[in-house]
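*Asks:* After the structure tokens below, expect a handful of questions from me.
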Amino acid sequence: MVSENRSDVFEVLRENGSRLRSVRVEKIGVFGSFSRGEQDSSGDVDLLLVFRDGEKSFRNFMDARKILQEIFDRDVDVGTEESLKVSLRENVLGEVEYAETA
Numbered sequence: 085m086v087s088e089n090r091s092d093v094f095e096v097l098r099e100n101g102s103r104l105r106s107v108r109v110e111k112i113g114v115f116g117s118f119s120r121g122e123q124d125s126s127g128d129v130d131l132l133l134v135f136r137d138g139e140k141s142f143r144n145f146m147d148a149r150k151i152l153q154e155i156f157d158r159d160v161d162v163g164t165e166e167s168l169k170v171s172l173r174e175n176v177l178g179e180v181e182y183a184e185t186a
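Set out below in structure tokens:
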């Protein structure tokens with residue numbers, strides 16, 4: 085699906101909730117240009133993954149990333165709160181909007 089705006093991103097995440105839950109994703113945060121309404125046709129989708137307690141693993145992260153690459157018709161930049169650079173953490177956490185997958 086081509087993701088043109090914020091609502092498209094959240095719709096795609098809702099439609100694929102069961103796939104994301106299968107790799108233990110509890111919720112996904114959207115931040116960056118899509119959360120601010122500043123996206124363009126060449127930009128990526130910035131996503132912050134939150135896994136169920138005790139379920140965060142390299143395999144689940146990579147599987148979630150693969151699913152997200154498949155469902156969006158553009159690049160995705162995927163991370164976790166812990167992977168954010170300290171210098172960016174406050175800004176990202178201040179603008180992130182979460183989509184529940186449960």
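Residues in the sequence shown are numbered consecutively from 85, following our numbering. Glycine included, C-beta positions come from ideal geometry on N, C-alpha and C.
Starting from the C-beta of Asp-130, find all residues in its chain whose C-beta is less than 6 Å away, skip the five residues before and the five after it, and write them out in chain order.
*Replies:* Same-chain partners within the cutoff: Phe-115, Gly-116, Asp-161.
*Asks:* Reducing DSSP to helix, strand and coil, say where Phe-156 ends up.
*Replies:* Phe-156 falls in the coil class under three-state DSSP.
*Asks:* Starting from Glu-95, follow the alpha helix (DSSP H) in both directions and report where the run begins and ends.
*Replies:* Unbroken alpha helix (DSSP H) run through Glu-95: 90 to 99.
*Asks:* In the DSSP assignment, find the unbroken beta strand (DSSP E) run with Val-107 in it and report its ends.
*Replies:* Neither: Val-107 is in no beta strand (DSSP E) and is coded neither H nor E.
*Asks:* Considering only C-alpha positions, which residue in the set Asn-100, Leu-97, Val-109, Lys-169 is nearest to Arg-192?
*Replies:* The first residue shown for the chain is 85 and the last is 186, placing residue 192 beyond what the model contains.
*Asks:* State yes or no: is the C-beta of Glu-165 within less than 8 Å of the C-beta of Leu-132?
*Replies:* Closer than 8 Å, so yes.
*Asks:* Go ahead and pull the three-state DSSP assignment for Leu-177.
*Replies:* In this structure, Leu-177 counts as helix in the three-state DSSP scheme.
*Asks:* Which residue or residues does DSSP assign as beta-bridge partners of Gly-163?
*Replies:* According to DSSP, Gly-163 bridges with Leu-132.
*Asks:* Could you tell me if Gly-113 is buried or exposed, where buried requires 16 or more neighbouring beta carbons within 10 angstroms of its beta carbon?
*Replies:* Its Cβ being crowded by 16 or more others within 10 Å, Gly-113 is buried.
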